[in-house]
Every structure is written in C-alpha cells, then in structure tokens.
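Undergrad: Got a structure here, written out as structure tokens. Questions coming.
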Amino acid sequence: MALKKTTVLVDEEDLALIKEAAAREGRPEAEYFREAFHLAALRTRRWHEEWDIPRLDFGGPVTPEEIDRAVSDGVADAE
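Each number in my numbering comes from the position in the sequence shown (counting from 1) with 221 added on.
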C-alpha cells in the first residue's frame, strides 16, 4: 500500500484522545488517523450494479420472540 502525506485540521480534544490512546496502546498516532481516513473513504463508495441479495420468505411475519429463540438455539448448538 503506497502512502501519501496530507495535512488535516482536527479538533484539539479529539487529538488529545488519540494521543492518550496511542500512548496507552503503544501504537503510532498515524495508525489511528489512517484507520479513520480509511473508514471515511469506505463510506463514500458507491456501487453501480445491483446487489444480489437473496430474499428470504418465512411464510409470514417473524416475531422478535422467534428471532430471540432462534439465536439462543444457535448459540446453544455452537457450545
């Protein structure tokens, strides 16, 4: 991954939090900024093609209780 240098202005309180986290976790401050910049870049992406997301038909509405039970059963089966 090629890196390009840039300059940004940030809120002083945000910068102080980043400095504290970097010192606490032993990571360079730049890693936090690269991560934040990457997340911002991902949010701007647009796809021109349709997504192939399957439609699920459960034969009727699914209640929150049914969802809770299915998740609980799935967790119990995984243990």
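For every residue, glycine included, the Cβ atom is placed at its ideal position computed from N, Cα and C.
1. How is the alpha helix (DSSP H) around Arg264 delimited, first residue to last?
2. Where does Ala223 fall in DSSP's three states?
3. Considering Pro285, what are the terminal residues of the alpha helix (DSSP H) in which it resides?
4. Could you give the distance in angstroms between the alpha-carbon of Ile239 and the alpha-carbon of Val296?
5. Which residues in the same chain have their Cβ closer than 6 angstroms to the Cβ of Tyr312, if we skip the five residues on either side of it in sequence?
6. If you follow the alpha helix (DSSP H) that Ile239 is in, where does it begin and where does it stop?
TA: Taking the definition as stated:
1. As a first step, residue 264 must be located in the sequence shown, where it is residue number 43. Arg264 -> alpha helix (DSSP H) spans Glu250 to Arg264.
2. Along the sequence shown, one-based indexing puts residue 223 at 2. Ala223: coil per DSSP, three-state reduction.
3. Taking the first residue of the sequence shown as position 1, residue 285 is located at position 64. Unbroken alpha helix (DSSP H) run through Pro285: Pro285 to Ala299.
4. As a working mapping, residue 239 is identified with position 18 in the sequence shown. As a working mapping, residue 296 is identified with position 75 in the sequence shown. Near 36 angstroms, if we compare the C-alpha coordinates of Val296 and Ile239.
5. The shown model of the chain, from 222 to 300, leaves out residue 312, and the question about it has no answer.
6. For the purposes of this step, residue 239 is taken as the residue at position 18 of the sequence shown. Looking at the DSSP string, the run of the alpha helix (DSSP H) that includes Ile239 is Glu233 to Glu246.
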